[in-house]
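Residue numbers (the working numbering): 346 to 1131.
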RNA sequence: UGGGGAGUCGUCUAACGGCAGGACAUCGGCCUUUGAAGCCGACUAUCCAGGUUCGAAUCCUGGCUCCCCAGCCA
């Protein structure tokens, strides 16, 4: 039943959803509760959007719910304004937490109760060392820490101190509450982590009620447990914190079933930075106009930039969820934006850098109002606007060239071009000033080529946009580009990311636009044909004032092509340099690449010679080098090997089972957790040696044996693995399989030999678990290549 | 050099011992009153080395590289 290839496309899945599905199936939970837990100390960015989409998405798909919970445990950085912006952004993205809005600060009293519980159990203590002493006695990653002199205070003293900390009797830093775990734990996070610190500061919600505030590691797991969260999804850097998460929940009385933490990779994007700290720095240093500057990767910025919630959501879904640290190319986001806007943004015309075009054949005082559709032929939407045409027009400076490069399909002396939605014109003259700057272009129009006359029989090789000079409106336009010049602005540890700010990330111009543009209101999306998608800035749109922000330019294969041919002469040199620059390039684009290549060289070294013990093992028992090496280095496997010997199987086969199969099984359960012993394994090896069962069947048997105490032969018989298949049944089975997959067969005969495995797989399925793969393959081979 | 994670086209991501697939990017072509969109095609990948297996991206062993952890931040 693996023929999903022809079935409906598999629903989008990832390791998180798979885990949730299993948990539900296994009855670990009966409902799914996730949460999005921002700290209100900054604005949400596209990285948070990934988490929002994941958490709300998973909850929705499994019929559960997702909580919005403010993780507001640090009074010094958090503000109501941030909380408001976060809620606004999540709603804008299209998600609704319903009644499930929570605050860690609402749980402060309960946290305190749990702290008291830990103290009473002797699992937490008040430490009165200075911050410095605590840091110093924590040890390093390679050296264990030392116990605090206050570690063994009595429960009563701890309780007393903790109560007075709460009451505000001490200055900041005088004491902390710590969990009593293990100062020599290899996991730094488990070296008596801090649970509470004194902060004599006003909290934006609880005011002066508290003088102690819980730390993340103490609070977060409790928040999840209190809310009956099932799947606590967080980013990879919290992997080390998972041990404390579990420790706390195992040691206090929280509702069951308790939540479990799972980590996934946070989102990084090229040409930007994504940490709140760095974004805050950009704001504070005035590098951008604020958190909602359209160049910022914040949701507020993207909204002003004209990105749509739908685009951001589908982008997040497309990049997927995994555990690999990865940086997504910003082009992917841009693609999602264009894809959405393509069917949502009506088309209009505006000239960014105007050049006067005089249609000499058109009467000076005559204006024709054309009817121009708002949508291209492939967007199934109705609607049009009135577009004035006259003698004096503006066209884009880039759309005229006195000496056109090859392939130029726009206006040039003597050449014809179509004016979008209007007439074909031919350039008759160019007016320049003394320095050769082009002042205006003159042309004549072809009256019979009007767009409204349908197929006029005339074709121009290109089409350009334009506006009527007298009837146009001037609108300020902001052209946004990437905020940084480097794909990985944080890659160089020697330099600040701010050194890579793109000086040209914002260009403001006064565009000449067709009259319909004047009707726009804040938040409206449009496409300026041939240029890009734009949005009427929703923040600056006040009192009838209008500014257009360029959301994203259109793809421009001409620009790509022309820069390429411009650089044509340099091409060879660049090619020659490319190896060199790849090695030392500043661009982090290659930063993961270079080391990878190096790895290849390093590991192709000869492997160290066999140890004396391994050599003895090999010679005494006739083992392979690899088998001997593994056995010699794993005492528990070696013991098992020796104990399994003597049952009649060849030492080499026994070694094979021990080294390959036993090692794998013992990985999760441990050798002691296995239901079989050395003798059983030896017997299995013998049965294979003697041809009673084939290797494939034996592996299935072994898996069963690991779970339940049962002899190899018993399992073998119980599962009906004796697959003595005679030639004729084999033959007809092969025929049937080949007939069932005619397409694959054709491709195989066409040279796609990899399909042999595909057929064999199907065959083995058909023949049952006991079938002998060698024999089956032989017969299959005869049919495939007669 | 302690512990915890991760390595699949340029980029992101699938394949749960059986056809290395998709998307973005790139490059061609078709179409075109947007050099857009759309359509068609091409290109390029399993970190390395051994081993097990009829068959390995997947299992075993070893190595390499990258990320995270020594805040009274989250």
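For every residue, glycine included, the Cβ atom is placed at its ideal position computed from N, Cα and C.
Small disclaimer: the values here were computed from a predicted structure and weren't measured.
Considering Cα atoms alone, identify which of 1078, 806, 855, 1023 is closest to residue 821. Of the candidates 1078, 806, 855, 1023, the one whose C-alpha sits nearest the C-alpha of residue 821 is 855.
Would you mind sorting residue 412 into buried or exposed? The rule is 16 or more other CB atoms within 10 Å of its CB. Classification for residue 412: buried.
Limits of the beta strand (DSSP E) - the one that residue 606 falls within: Start and end: 605–609.
What residues in its chain sit with their C-beta under 6 Å from that of residue 871, if we drop five residues either side in the sequence? Excluding positions up to five away in sequence, the list reads 690, 691, 693, 879.
Residue nearest to residue 497 in terms of C-alpha spacing, selected from 1017, 469, 1047, 853: The option with the nearest alpha carbon to residue 497 is 469.
Less than 8 Å between the C-beta atoms of residue 577 and residue 609, yes or no? Taking 8 Å as the cut-off, the beta carbon of residue 577 is found no closer than this to the beta carbon of residue 609.
Who are the Cβ neighbours of residue 667 in its own chain at under 8 Å, not counting the five residues just before and after it? Taken in chain order, the residues that qualify are 359, 360, 609, 610.
Under the three-state reduction of DSSP, which class applies to residue 695: helix, strand or coil? Secondary structure at residue 695: strand, using DSSP grouped into helix, strand and coil.
Between the Cα of residue 436 and the Cα atoms of 394, 403, 404, 457, which residue gives the shortest distance? When each option's Cα is compared against that of residue 436, the closest is 394.
Would you list the residues sitting across from residue 872 in a DSSP beta bridge? Paired residues: 692, 878.
Classify residue 442: buried if its beta carbon has 16 or more other beta carbons within 10 angstroms, exposed otherwise. Flag for residue 442 reads buried.
Report yes or no: do three or more beta-carbon pairs, one from the region 613–626 and one from the region 559–567, lie closer than 8 Å? Segments in contact, no.
Using three-state DSSP, classify residue 726 as helix, strand or coil. DSSP places residue 726 in coil when its eight states are reduced to three.
With DSSP collapsed to three states, give me the class of residue 515. If DSSP states are grouped into helix, strand and coil, residue 515 belongs with coil.
Outcome for residue 756 when other beta-carbon atoms lying within 10 angstroms are tallied against a minimum of 16: Buried, since its Cβ has 16 or more Cβ neighbours within 10 Å.
With residue 1089 as the anchor, note down where its alpha helix (DSSP H) starts and where it stops. 1087–1094 is the span of the alpha helix (DSSP H), which, as asked, contains residue 1089.
Could you work out which residue in 462, 486, 1035 is closest to residue 522 when comparing CA atoms only? For residue 522, the nearest C-alpha among the options comes from 462.
Express the C-alpha separation of residue 966 and residue 1028 in angstroms, rounding to a whole number. A direct Cα-Cα distance of roughly 17 Å separates residue 1028 from residue 966.
When the Cα atoms are used, what is the spatial distance from residue 431 to residue 1105? Rounded to the nearest angstrom, the two C-alpha atoms are 55 Å apart.
Between residue 444 and residue 647, what straight-line distance do the alpha-carbon atoms span, to the nearest angstrom? If you take the alpha carbons of residue 444 and residue 647, they lie about 27 Å apart.
Is the distance from the Cβ of residue 1133 to the Cβ of residue 1082 below 8 Å? This structure leaves residue 1133 out entirely; the chain is present only between 346 and 1131.
Residues sharing a beta bridge with residue 412, DSSP: Per DSSP, 380.
So residue 789 is in the alpha helix (DSSP H); what residue range does that whole segment cover? First-last for residue 789: 783–791, but that is the beta strand (DSSP E), not the alpha helix (DSSP H).
Any idea what DSSP makes of residue 643, helix, strand or coil? Strand, per DSSP.
Count the other C-beta atoms from every protein chain shown that fall within 10 angstroms of the C-beta of residue 585, then say buried if there are 16 or more, exposed otherwise. Answer is exposed; the Cβ neighbour count stays below 16.
Alpha-carbon spacing of residue 1094 relative to residue 1129, whole angstroms: So the two alpha carbons sit approximately 8 Å from each other.
Looking at the unbroken alpha helix (DSSP H) that takes in residue 898, where does it start and where does it end? Membership of residue 898 in any alpha helix (DSSP H) is not indicated; the residue belongs instead to the beta strand (DSSP E) covering 893–898.
Boundaries (first-last residue) of the beta strand (DSSP E) holding residue 436: Note, residue 436: premise wrong, no beta strand (DSSP E); alpha helix (DSSP H) at 425–438.
For residue 989, does the three-state DSSP call read helix, strand or coil? DSSP, read as helix, strand or coil, puts residue 989 in helix.
Helix, strand or coil, according to DSSP, for residue 453 in the structure here? Residue state for residue 453 is assigned as helix, using DSSP reduced to three classes.
Ignore the nearest five residues each way along the sequence and tell me which others in residue 625's own chain have a CB closer than 8 Å to its CB. The beta carbon of residue 625 lies closer than 8 Å to those of 387 in the same chain, with the five residues before and after it left out.
Following the continuous beta strand (DSSP E) through residue 360, name the residue where it begins and the one where it ends. From DSSP, residue 360 is part of no beta strand (DSSP E) but of the alpha helix (DSSP H) over 360–370.
In the DSSP assignment, the alpha helix (DSSP H) including residue 521 goes from what residue to what residue? Where residue 521 is concerned, there is no enclosing alpha helix (DSSP H), although the beta strand (DSSP E) around it starts and stops at 521–524.
Rounded separation between residue 379 and residue 460 - CA only: Each residue's alpha carbon lies about 25 Å from the other.
Does the region 785–794 come close enough to the region 831–840 to have 3 or more Cβ pairs within less than 8 Å? Flag = no, the region 785–794 and the region 831–840 do not touch.
Reduced DSSP secondary structure (H/G/I, E/B, other) of residue 475: Looking at residue 475 - three-state DSSP - the assignment turns out to be coil, as it is neither helix nor strand.
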